[in-house]
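In order, the protein sequences belong to chains A and B.
Just add 18 to the spot in the first sequence (first one is 1) and you have the numbering used here.
Just add 18 to the spot in the second sequence (first one is 1) and you have the numbering used here.
Note that CB positions come from ideal geometry on N, CA and C, so glycine has one too.
Notes to accompany the following structure.
Number of protein chains: 2
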Amino acid sequence: MSRGQSNSLLSIMPLPAKMQRADGALKIDANFTLSFAGYKETRLDRSGQRFLRQLQRETGIVLAPSNKGTALATLALTTDHESKLVQELGEDESYTLDVSPTGAKLHAANPLGTLHGLQTFLQLVAIAPDGFAVPAMHIEDRPRFPWRGLMMDVSRHFLPLEVVKRNLDGMEAVKMNVFHWHLSENQGFRAESRKFPKLHEQGSDGLYYTQEEIRDVIEYARDRGIRVVPEFDMPGHSTAWFVGYPEFASGSGPYAIERKWGVFDPAMDPTDEKTYKFLNEFIGEMAKLFPEEFFHIGGDEVNGKEWDANPKIQAFMKSHKIKNNVELQAYFSGRVQDLVTKHKKTPIGWDEILVPGVPKTIVIQSWRGMDSLAAAAKMGYRGILSNGYYLDLGWSAARHYSVDPLGGPAASLTLDQKQLILGGESCIWSEYVNAENVDSRIWPRNAAIAERLWSPADITDVSSMYDRMNPESERLEWLGLTHRSFQRPMLQRIAGDDATPDELAALTELAQSLEHQKDYTREESAAAEPTSFTPLNRLVDAVYPESEISRRFSNTVDQYVASSCKDSALGRPLLGQFAEWASLENRLQALAQRSQLVKEASPAFSALSRIALDALDTASRGVPLSADQKKSKTDNLNAMEKQVHAAQLTLPMLPALQKLLDAASTGGPCSN
Amino acid sequence: MSRGQSNSLLSIMPLPAKMQRADGALKIDANFTLSFAGYKETRLDRSGQRFLRQLQRETGIVLAPSNKGTALATLALTTDHESKLVQELGEDESYTLDVSPTGAKLHAANPLGTLHGLQTFLQLVAIAPDGFAVPAMHIEDRPRFPWRGLMMDVSRHFLPLEVVKRNLDGMEAVKMNVFHWHLSENQGFRAESRKFPKLHEQGSDGLYYTQEEIRDVIEYARDRGIRVVPEFDMPGHSTAWFVGYPEFASGSGPYAIERKWGVFDPAMDPTDEKTYKFLNEFIGEMAKLFPEEFFHIGGDEVNGKEWDANPKIQAFMKSHKIKNNVELQAYFSGRVQDLVTKHKKTPIGWDEILVPGVPKTIVIQSWRGMDSLAAAAKMGYRGILSNGYYLDLGWSAARHYSVDPLGGPAASLTLDQKQLILGGESCIWSEYVNAENVDSRIWPRNAAIAERLWSPADITDVSSMYDRMNPESERLEWLGLTHRSFQRPMLQRIAGDDATPDELAALTELAQSLEHQKDYTREESAAAEPTSFTPLNRLVDAVYPESEISRRFSNTVDQYVASSCKDSALGRPLLGQFAEWASLENRLQALAQRSQLVKEASPAFSALSRIALDALDTASRGVPLSADQKKSKTDNLNAMEKQVHAAQLTLPMLPALQKLLDAASTGGPCSN
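What follows is the structure, encoded as structure tokens:
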């Protein structure tokens, strides 16, 4: 098998740089052993133990305790030398893996490559006619980009330590290497500060990470080849800081933890020296806590209202010839970057920190668009891409997958400029996620982004991607991630204790057919303004961001519509799906009388049922639709989509339905 | 609602001693508060926090951090006085709970009752047309038996700490109050001994609980109103002890950890004083570690072969006029009981420790039958029942539910004698369970046993029990138990990465229709002798012990057969189920070619498909079956049952199918 070809037997993700299939397979049984040669360290020992545990989990095979690794081990690892004590950007992460029917060899320059290779091996283990096995092959692998990150916002909704850890496990599985920890926000300050304890004590409702826990996470991440970049967002997005320390704000206070979502007025006072004295000490404390080179200072979305309203700040601007708030923020940014640099860290920030005169050492995280990333590179700044990788927007895996850090305007950069684009980071902002459903908002789609950042640029086959992502999604649950399994208990809660099995089945079919509203439209259709206390216990919170049922349905529609003579073998599953959807309203209406949370979702199941009934009606006609009929049915589709917005849901099969309408208005099924 | 009546809105389990419904309901929303009055202690604070966390989990409602409990709290708790520092047998566990539309009051004599009442309240929370609520009612509750236990064998297969803890959570939910920890076996010694470290170091493959972990479990259990009774089984079931200390065995050694299942020869040397010197020190160490009054010394299943073969032991018996091995074990037992008593503990042991002259203080755990329990009571011994409560045998919840410690021969005891029957313990022996599937072998059936031991004797309605057990089963998963959710990943593993959604659905239907073989028949049909290394990754390991699909099917058959004119409304779901089962072979045969673990299960799906096809054939006849036809079809059913034994599975719908055959041979459906 050559690179990029899909092969249903290989669910490897991200795809390696180079992969060559050979004949035969290596059997995996209770006699499996692992050996280490070359450079050794306890991190490798731990990774070996983790590997064996995971191998046991994925196969159910019990490895005999007497199996000691030897030179004749089933999988022999060789690591040439150590990696950096504090993992650095751009270290060698390559490895080669050779699997033959008699054994496997993994070779890497340093432990980072070894870690990656072990993950590849685990993905290759599959059940076969004779039991578990790994197909014989030769792999040479290395990442395309050195910065492959996931940003987690643990501040709007606090995410407990175990959630962070299981997501680090998931990152390791798909070879991501940067955990960007968004630790402060208007809605919460989540890291313990010993120098300024009122930050976490008064800014977190008691929901924060102790320094011991933070060190534990950093260690945990390093064990998995992952750097931990902390972010303390300033001067905006900082209300929670001011609950305990109003003296550093530009307004008069008092401040309370923000409970709503959006952009808010509170901002640090960039004109008062005591702000910088405070930040110097605070950044110094955090710079010691986080060994990582990069230190994220946020910098996004300052609305400037507190600055406008503060006469002292206005006077300062006048006396310092600062013309506007953008310049004032640039002044603040520059001062903070100096502090970060003084504490031996490299600043990184969102788009907004890129202003004239900023030192070339900083890194820009582009959230506003790909243009700004390319523009920064042209000016000589390093950057990473997050625009297009916002997981909370609910895009499909395919859509994220199509976003390339070197695509769009970056495609026309010079080679040197392209080198400045370090990679990308997916982001999960946490307005509508909590410990219960956050995994589902990250996985499995994050695996597609991980592949985009690791695999060669020409790996772009969407169908192959889904064929590999779905099994990888199942595998990820073995690590403790709950992105699939979270749904059933939530649906049971929505349905209530006395729901019948058929009612629960219908609710599940409904949930798995729909998706939550995309982008930032959820607020628009909410009945009441959502806050951090709004329960996330509704159907919209329980659906998967990408409906596999609808995706398969849409694929079948594409094949059906493309078949020259509408293929009845393709038409049958479509009719079956319509019949299923059409049944939902009848099956759920009694339950909606008993459960408020089902009642709340009734616009969704009534819309889906009506759409399906109408589609069955269309299908039963022998003649093409007239233009009027088509328009009426199209209008109906659009009306139904609006209706489901009442429950903050969306009908992902709508484009496919429109295609069927288009086909039905140009000709019916053949007579054969 | 009066006691014992079923009510689909109330999924409370175990049912309280007395319960009276009133009008209206108490709304549960973000303003919910909890208050404590009367006696206070940190355990109650922790239970309150746990309660609130659980309430949030079960409803998805976020309780505002500013909500402080006051006298006007939604749920006001009053506890009169403390309970014992070390929880004791027979302490007051009663409570009263009053719920009105304006608030709820929970009153208990001591914290044990408060803990139980909080669990009852949690079970009453349900989704209603207006959101979550608790129906207004008055409950007066107390347990029928003071000893309501679960025994876990963590020795044949080691069960990690988190498994123990989540099962303690489950026990708390159903008001069980004794965790019996079976810590040593031929296959493993699972507790750290500092005095005799070779016990756990050489007897456990490194899989044991440290003393710190044990103390943690005891604390965790006490927080949940649960006593922890340790068991160190002796003089038999003790091979693992002798790996490090062969000098206390009756044979010549050397000994290795046993990997097979069954009764084995190794036994302690009851004739050597150094055995008792060792046990004195060991029991002394464990008596300090476990504060609990009772200390379980096992005593079961000594085959005596090592004693017979040892001339020194034979000589001792002769010189001490010990006639046989039963007397020799009695001698050993008496010596060990003296040691236990000396260390201020009360001995408890299995049936076999009851021999003439044993002090009346000991407690007998009856595993061999109800006769021995009654006989012991007649002699004045206290006892608990485990016969009939062995969860690993795979019985239905209904069958366990029908076993009453005061039923059978115990029913004719005097009142004083009945007082000696303290309750019962369910047991999970771990030949065929591990961390992955053990929860499913305990829950939800254990909830039925818990109800038998808590609720009044006249609570016996099996249908009501299932109507409440199934929702309770869903609730238990909120506590972290995985008895339902474990199945999907196991089936995915069996099916392999490239299984289609329909193949996975068919495999799930198959798994949920079948059960594993009952009692001790699994060994008989195994292809190779199972050991502790045998992977538990097959379909037999992934099925639920009790098939809900088959139970419902059987119920429908009962109604159908009982309907005077065979009711077609009842017949339709039966035909639908047959069609579903009939489809399994076609849907799974391609997968069986790809996956060894599906191939291995093919006797099961081919049998189920053929049975269903035959049933459809029977149903399609217009005339009653002849005697020959009925016999031929009955023979076929029995042959199919044998066929599925090849995969260690069983067809739980067989009795119902036989009823249909009987009905079909006496008359067909009516013509209307």
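Check your understanding: Taking contact to mean at least 3 C-beta pairs separated by less than 8 angstroms, is the region 135 to 153 of chain A in contact with the region 212 to 223 of chain A?
Key -> Taking 8 angstroms as the limit for Cβ pairs, the verdict is that the region 212 to 223 of chain A does not touch the region 135 to 153 of chain A.
Check your understanding: Using the rule of at least 16 other Cβ atoms within 10 Å of the residue's Cβ for burial, across every protein chain shown, is residue 520 of chain A buried or exposed?
Key -> Exposed, because fewer than 16 other Cβ atoms sit within 10 Å of the Cβ of residue 520 of chain A.
Check your understanding: So, is the C-beta of residue 147 of chain B closer than 8 angstroms to a C-beta in chain A?
Key -> Yes, contact with chain A.
Review point. Which word fits residue 97 of chain B, buried or exposed, when buried means at least 16 other C-beta atoms lie within 10 angstroms of its C-beta?
Key: It is buried - the Cβ of residue 97 of chain B has at least 16 other Cβ atoms within 10 Å.
Review point. Does DSSP put residue 293 of chain A in a helix, in a strand, or in coil?
Key: In the structure shown, residue 293 of chain A adopts helical secondary structure according to DSSP, grouped into three states.
Check your understanding: With distances taken between CB atoms, is the gap from residue 597 of chain B to residue 557 of chain B smaller than 8 angstroms?
Key -> No, Cβ-Cβ distance for residue 597 of chain B and residue 557 of chain B is not below 8 angstroms.
Exercise for review: Can you tell me which of the three DSSP states residue 496 of chain B falls into?
Suggested key: In the structure shown, residue 496 of chain B sits in a helix (DSSP, three-state: H, G or I).
Point to revise | CB contact below 8 angstroms: residue 626 of chain B versus chain A | key: No - not a single Cβ of chain A is within 8 angstroms of the one on residue 626 of chain B.
Exercise for review: Just mark residue 71 of chain A as buried or exposed, buried being the case when its beta carbon has 16 or more other beta carbons within 10 Å.
Suggested key: Label assigned to residue 71 of chain A: exposed.
Review point. What separation, rounded to the nearest whole angstrom, lies between the Cα atoms of residue 565 of chain A and residue 527 of chain A?
Key: Roughly 10 angstroms between the two C-alpha positions.
Review point. Are residue 535 of chain A and residue 432 of chain A close, meaning C-beta to C-beta below 8 angstroms?
Key: No, they are not a contact pair.
Exercise for review: Compute the beta-carbon to beta-carbon distance between residue 607 of chain A and residue 147 of chain B, rounded to the nearest angstrom, for a pair I have assumed lies under 8 angstroms.
Suggested key: That belief does not hold up - the Cβ atoms of residue 607 of chain A and residue 147 of chain B are roughly 13 angstroms apart, past 8 angstroms.
**Study point:** Interface flag, residue 594 of chain B vs chain A, CB-CB below 8 angstroms
**Key:** Chain A, which has no Cβ nearer than 8 angstroms to the Cβ of residue 594 of chain B, makes this no.
Review point. How about residue 314 of chain B and residue 247 of chain B: do their beta carbons lie closer than 8 angstroms?
Key: Cβ atoms of residue 314 of chain B and residue 247 of chain B: closer than 8 angstroms.
**Study point:** Proximity winner among B/493, B/448, B/594 and B/612, relative to residue 203 of chain B (alpha-carbon distances)
**Key:** The shortest C-alpha separation from residue 203 of chain B is found at B/448.
**Study point:** Outcome for residue 442 of chain B when other beta-carbon atoms lying within 10 angstroms are tallied against a minimum of 16
**Key:** Of the other Cβ atoms in all chains shown, 16 or more fall within 10 Å of the Cβ of residue 442 of chain B; this residue is therefore buried.
Check your understanding: Roughly how far, in whole angstroms, is the beta-carbon of residue 77 of chain A from the beta-carbon of residue 143 of chain A, given that I think they are within contact range, below 8 angstroms?
Key -> Between residue 77 of chain A and residue 143 of chain A a beta carbon distance of about 7 angstroms is seen, short of the 8 angstroms cut, so the two are scored as contacting.
Review point. Distance, Cα to Cα, residue 264 of chain B vs residue 483 of chain B?
Key: Here the C-alpha atom of residue 264 of chain B lies approximately 50 angstroms from the C-alpha atom of residue 483 of chain B.
Point to revise | residue 278 of chain B in three-state terms, based on DSSP | key: In the structure shown, residue 278 of chain B sits in a strand (DSSP, three-state: E or B).
Review point. Taking residue 306 of chain B as the reference, which of B/363, B/327 and B/66 has the closest Cα?
Key: Comparing C-alpha distances from residue 306 of chain B to each of B/363, B/327 and B/66 shows the shortest one belongs to B/363.
Check your understanding: When we look at the beta-carbon of residue 360 of chain B and count the other beta-carbons within 10 Å, is it buried (16 or more) or exposed?
Key -> Residue 360 of chain B comes out exposed.
Review point. With a Cβ-Cβ cutoff of 8 angstroms, do residue 160 of chain A and residue 100 of chain A count as a contact?
Key: It is not a contact, given that the beta carbons lie outside the stated cut-off.
Check your understanding: Which term fits residue 551 of chain A, buried or exposed, when burial requires 16 or more other beta carbons within 10 angstroms of its beta carbon?
Key -> Answer is exposed; the Cβ neighbour count stays below 16.
**Study point:** Contacts that residue 496 of chain B makes with chain A (C-beta to C-beta distance below 7 angstroms)
**Key:** Under the 7 angstroms cutoff, chain A gives 507.
Check your understanding: With a cut-off of 8 angstroms, do at least 3 Cβ pairs link the region 274 to 293 of chain B to the region 237 to 247 of chain B?
Key -> No, the region 274 to 293 of chain B is not in contact with the region 237 to 247 of chain B.
**Study point:** Spatially closest choice to residue 405 of chain B from B/399, B/425 and B/396, by CA coordinates
**Key:** When each option's Cα is compared against that of residue 405 of chain B, the closest is B/425.
Review point. Is any beta-carbon of chain B found at less than 8 angstroms from that of residue 510 of chain A?
Key: Yes, its Cβ sits closer than 8 angstroms to a Cβ of chain B.
Practice item. Would you decide whether residue 171 of chain B is buried or exposed? Buried here means 16 or more other CB atoms lie within 10 Å of its CB. Key: Answer is buried; the Cβ neighbour count reaches 16.
**Study point:** Where residue 80 of chain A meets chain B, residues with beta-carbon distance less than 7 angstroms
**Key:** Here the neighbours are 551 and 553.
Review point. For residue 201 of chain A, which option in A/232, A/310, A/192 and A/185 has the closest C-alpha, if you only look at C-alpha atoms?
Key: Selected option, being the one with the closest Cα: A/232.
Exercise for review: Would you mind working out which of B/47, B/586 and B/618 sits nearest residue 555 of chain B, comparing C-alpha positions?
Suggested key: Selected option, being the one with the closest Cα: B/618.
Point to revise | In chain order, each alpha helix (DSSP H) run of at least 4 residues that lies wholly inside the region 548 to 619 of chain B | key: Entirely contained in the region 548 to 619 of chain B, the alpha helix (DSSP H) runs reaching 4 residues are, in chain order, 557 to 560, 566 to 580, 586 to 612 and 614 to 617.
Practice item. Could you pull out every residue in the same chain whose Cβ sits closer than 7 angstroms to the Cβ of residue 29 of chain B, ignoring the five residues on either side in sequence? Key: Residues of the same chain with a CB within less than 7 angstroms of the CB of residue 29 of chain B, apart from the 5 flanking positions on each side, are 141, 486, 489 and 490 in chain order.
Exercise for review: Take residue 662 of chain A and list the residues in its own chain whose beta-carbon comes closer than 8 angstroms to its own, dropping the five residues that flank it on each side.
Suggested key: Sequence-distant Cβ neighbours of residue 662 of chain A in its own chain, meaning closer than 8 angstroms and more than five residues away, are 532, 621, 622, 625, 626, 668 and 669.
Review point. According to the neighbour-count rule (16 or more other Cβ atoms, all chains shown, within 10 Å of its Cβ), is residue 33 of chain A buried or exposed?
Key: By the beta-carbon neighbour count (other beta carbons within 10 angstroms, threshold 16), residue 33 of chain A is buried.
Exercise for review: Label residue 594 of chain A either buried or exposed according to how many other C-beta atoms from any shown protein chain fall within 10 Å of its C-beta, with 16 as the threshold for buried.
Suggested key: Exposed, since its Cβ has fewer than 16 Cβ neighbours within 10 Å.
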